[in-house]
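Okay, so here's the structure we're looking at.
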Amino acid sequence: MTPLSFDLSLLGWTDSRAAELPDGTVPGRVSRVDRGAAEVIAADGRQHVHHGARVRRAAAADPVALPCVGDWAALKPLPEGRYELDEVLPRTTAFVRGGVSRDSRGGLSGDGQGQVLAANVDVVFVTEPSMHATDLADLGRVERLVALAWESGGTPVVLVTKSDLFGHGLDDLLADVRQAAPGVDVHAVSSLRGEGVDVVRGYLDGSRTAVVLGPSGAGKSTLVNALAGGEVMETQRVRAADGRGRHTTVHRELIPLPGGGLVIDTPGIRRVGLYAMDEGVDRVFADIETLARECRFHDCGHGSEPGCAVLAALESGGLPERRLESWRKLQREAAWMASRTDARLRKELQSRWKSIHKEMRRSGRNRP
Ligand SMILES: Nc1nc2c(ncn2[C@@H]2O[C@H](COP(=O)(O)OP(=O)(O)OP(=O)(O)O)[C@@H](O)[C@H]2O)c(=O)[nH]1
Ligand SMILES: [Zn+2]
């Protein structure tokens, strides 16, 4: 154990979580997972802990019960100041990946086994570079990641990164991004110039936990370093300089920031993965869903039906064609995922996050 000690409230520990802590245990936050074990941060420091019998039993029955990065764990004291991980406390949000993997032929196969990649994430920063090599920002990618963010139960915030690369027209780009993510805060950020970084930091007030999603090269590591005020993540420039070309970022997993707040960086959730996301898709396309309610036919396919409000909006220019296509594509994908994710996992996702969203809307916590 390191001699460091931690104020757990700075790691996001709250009274409502304390109420769920079983007697005879102490809390710790999972910062990294290992096979059969985890690294946790407890009040008396970082420690490598093994899963206790209860966790092993639960995980054998259902892999979703395995501790993951961001989890709050009940730690049972063992002799010599050590602990074992006795229980995972109820999650408020979770990134759950459906049991789908790429097979050797590059196809996809589903095994119906879910996996929780990160838990208790309050804010999901969706990064999209204003310019990516010679490409413009990809609004479809923003829509997809915002859908995943909603699905996790966290609050998405879109960051248009590398804004310094975009001269005239940044305001137009931001307007397009806002249209692609209705009801979601959108900000321009240049970590290079330090612009927008304080706005990002503001979302972490009150020791909130964030993840940063986005394509390779979006500047995620650079942003996290800017937030941390130092090099906590290796960036692409560093990697290029060592002559070995680009390779995988060194992942620190749960990073407590000096100014308060935490960032989770876990391989597998940074980029677009395969998640169930049907509710998230409904939410990111709320404008189209609202229009569709005005269609003459209840089961309108928005193709050539008379009295179609969606097509009318398309014609009047209120709805970009790109967005309708993107909606169709993501709906197909969500349906495909749904057909391959097992029913139990989907039920867990839906009932849990539905009540969380409701609660968040009620208490006005929608926007941090
Ligand atoms: N012009 C400009 N370049 C930036 C900015 N932020 C990051 N970069 C550069 O963009 C490149 C990629 O940055 P990273 O932070 O490594 O990107 P990443 O999203 O972490 O990439 P992966 O680790 O591959 O997922 C590096 O060369 C950075 O120096 C910015 O605000 N402006
Ligand atoms: Zn219609």
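Heads up: the sequence shown at position 117 corresponds to 117 in the UniProt record's numbering, and the numbers run straight through without jumps. A virtual CB, placed ideally from N, CA and C, is assigned to each residue, including glycine.
Asked, Found
"Status (buried if at least 16 other CB within 10 Å, exposed otherwise) for F95", "buried"
"Candidates E143, A60, H132 and G259: closest to D282 by CA position", "E143"
"Cβ-Cβ separation, V211 to L223 (assumed contact under 8 Å), whole Å", "With 8 Å as the limit, L223 and V211 do not qualify as a contact, their Cβ atoms being about 12 Å apart."
"Closest residue to S190 among L165, A137 and D176 (Cα-Cα distance)", "L165"
"Cutoff 6 Å; reference P256; Cβ partners in own chain excluding five residues on either side", "L262"
"Heavy atom of ligand 2 within 8 Å of E305 beta-carbon", "yes"
"Length of the line joining the Cα atoms of G202 and E128", "19 Å"
"Bridge partner(s) assigned by DSSP for T134", "The partner list for T134 (beta bridge, DSSP) is empty, contrary to what the question assumes."
"Heavy atom of ligand 1 within 8 Å of G230 beta-carbon", "no"
"Distance cut-off 8 Å: L324 Cβ against heavy atoms of ligand 2", "no"
"Any non-hydrogen atom of ligand 2 within 8 Å of A309 CB", "yes"
"Spatial distance of I264 from W327 (CA atoms)", "29 Å"
"Inter-residue spacing [alpha-carbon to alpha-carbon] between P182 and V284", "7 Å"
"Residues near P22 in its chain [Cβ-Cβ closer than 8 Å; skip 5 each side]", "A74, D86 and E87"
"Within-9 Å CB hit, V199 to chain C", "The structure shown contains no chain C; it is built from a single protein chain."
"Where L311 falls: helix, strand or coil (DSSP)", "helix"
"Pairwise C-alpha distance: R29 and A241", "The pLDDT assigned to A241 is 46, lower than 50, so where the model puts this residue is not dependable; a value taken from the coordinates is nonetheless given after this. Cα-Cα distance, rounded: 35 Å."
"Assigned secondary structure, W327 (DSSP; H/G/I helix, E/B strand, else coil)", "helix"
"Start-end ranges of the beta strand (DSSP E) lying completely within the region 3–87, minimum 3 residues", "26–34, 37–42, 45–51 and 72–77"
"Coarse secondary structure for S207, derived from DSSP in three states", "coil"
"Check: T167 C-beta below 8 Å from any heavy atom of ligand 1", "According to the sequence shown, residue 167 is Gly rather than Thr. Incorrect: G167 has no Cβ contact closer than 8 Å to ligand 1."
"Inter-residue Cα distance where the pair is S216 and H132", "10 Å"
"As assigned by DSSP and simplified to three states, the class of R239", "Unreliable placement is indicated for R239, whose pLDDT of 43 sits below 50; the coordinate value is still reported in the next sentence. In the structure shown, R239 sits in a helix (DSSP, three-state: H, G or I)."
"Q115 - partner residues in DSSP beta bridges", "R97"
"Anticipated Cβ contact below 8 Å, A42 with Y83, distance rounded", "7 Å"
"Classification of D278 by the beta-carbon crowding that lies within 10 angstroms, buried from 16 upward", "buried"
"Check: G24 C-beta below 8 Å from any heavy atom of ligand 1", "no"
"Span separating the alpha-carbon of S104 from that of W336", "Summary for S104: the model assigns pLDDT 38, below 50, so the residue's position carries little reliability; its value from the coordinates is reported in the next sentence. Roughly 20 Å separates the two Cα atoms."
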